[in-house]
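Residue numbers (the numbering used here): 1 to 264. Don't be surprised by glycine CBs; every beta carbon is placed ideally from N, CA and C. Since this is a predicted model, take the numbers as computed values, not measurements. Take a look at the structure set out below.
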Amino acid sequence: MTLRDDVAPERTSMGRGMDVVSCVAEMSATSGQGVSVQTIARALQRDRSQVSRTLAALAEERLVSRGPDGRYRLAWAWYASAEQLVERRLRSDGLSILDELSADVGEACFLGVLEGDATVTIVESVPPAARLIGSWVGRAYPAFCSDAGQAVLWDASDEEVRGVFSRTSFRSAGPNAAASVDEFLVRLKESRARGYAIVAEEAEPGLYSVSAPVWDFRGEVIAGLQIVGERRRLESRSEALGAACVHAAERLSAMLGAGEARGE
1 MTLRDDVAPE RTSMGRGMDV VSCVAEMSAT SGQGVSVQTI ARALQRDRSQ
51 VSRTLAALAE ERLVSRGPDG RYRLAWAWYA SAEQLVERRL RSDGLSILDE
101 LSADVGEACF LGVLEGDATV TIVESVPPAA RLIGSWVGRA YPAFCSDAGQ
151 AVLWDASDEE VRGVFSRTSF RSAGPNAAAS VDEFLVRLKE SRARGYAIVA
201 EEAEPGLYSV SAPVWDFRGE VIAGLQIVGE RRRLESRSEA LGAACVHAAE
251 RLSAMLGAGE ARGE
């Protein structure tokens, strides 16, 4: 925690309150524990009694909580509100990003999230040239062979992946689908090394895609961003499409606060 060099005398009460909230959030995240009034006052170079009054007011509004040890933590309401905001922005900002990407590459673009052992499309942008029939929004597809499957499990450990697929039957209409969780893990490792995933005729014959993970403010993968089309059109463009996909996913991740989670 960097000590403040000065505190402007005209600082509003709301501004002072947010300084305290930010201090609690940063210091508790670093230590994994609550933060004492004295520690906060010292970090902000403020009078202890003033900080104590601010914390009491924040606690009344349920913005912070005081534990049995007398230390303060962010209240759960902050996290719930943040998650709701991320979900809304994933859809709204995600659509803007997909519209730009699909216009640039001339192919259908999607955002998928993990639900159980399947991925579900939540946003799509499909240009006429893509020649895809119908909408995929709201439709689930087995994650082990879906276009977003590897991307949404990008940050998962091997044990977590095995847990996701513990009851999965590895059967697919696509000729190249992974036949087991071990084979899926090999492909996921290769994709991570490449920087983006390639799914070639795993979901169905002739279908090809590249995908990349979208990260949120917690530093966790929240969705997979995909470019999908016919293999005969996309395969020769894999590298360029992969780079475009990664760039779009990084832009959306930044909108969701991913860089802040890593202190960037």
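Taking C-beta atoms as the reference points, Ser146 and Arg73 fail to come closer than 9 Å.
Relative to Ser169, the option among Phe184, Ser191 and Asp155 whose CA is nearest is Phe184.
Residues Val37, Gln38 and Ala41 of the same chain have their beta carbon placed closer than 7 Å to that of Arg48, with the five preceding and five following residues left out of the count. Bounds of the beta strand (DSSP E) holding Cys109 are Ala108 to Glu115. 9 Å or more divides the Cβ of Gly224 from the Cβ of Ala173. For Ser209, the closest of Arg167, Glu61, Leu111 and Asp19 by C-alpha to C-alpha distance is Leu111. Here DSSP, grouped into helix, strand and coil, assigns Gln50 to helix. Straight across, the Cα-Cα distance linking Ser102 with Val228 is about 10 Å.
With 16 or more other Cβ atoms from the protein chains shown falling within 10 Å of its own Cβ, Pro213 counts as buried.
Taking C-alpha positions only, Gly94 is separated from Ser236 by approximately 26 Å. Between Ser211 and Ala193, the C-beta gap is not smaller than 9 Å, which leaves the two residues out of contact. About 4 Å separates the beta carbons of Ser125 and Leu98, which is inside the 8 Å limit, making them a contact pair. For Arg218 and Gly259, the gap between their C-alpha atoms comes out near 9 Å.
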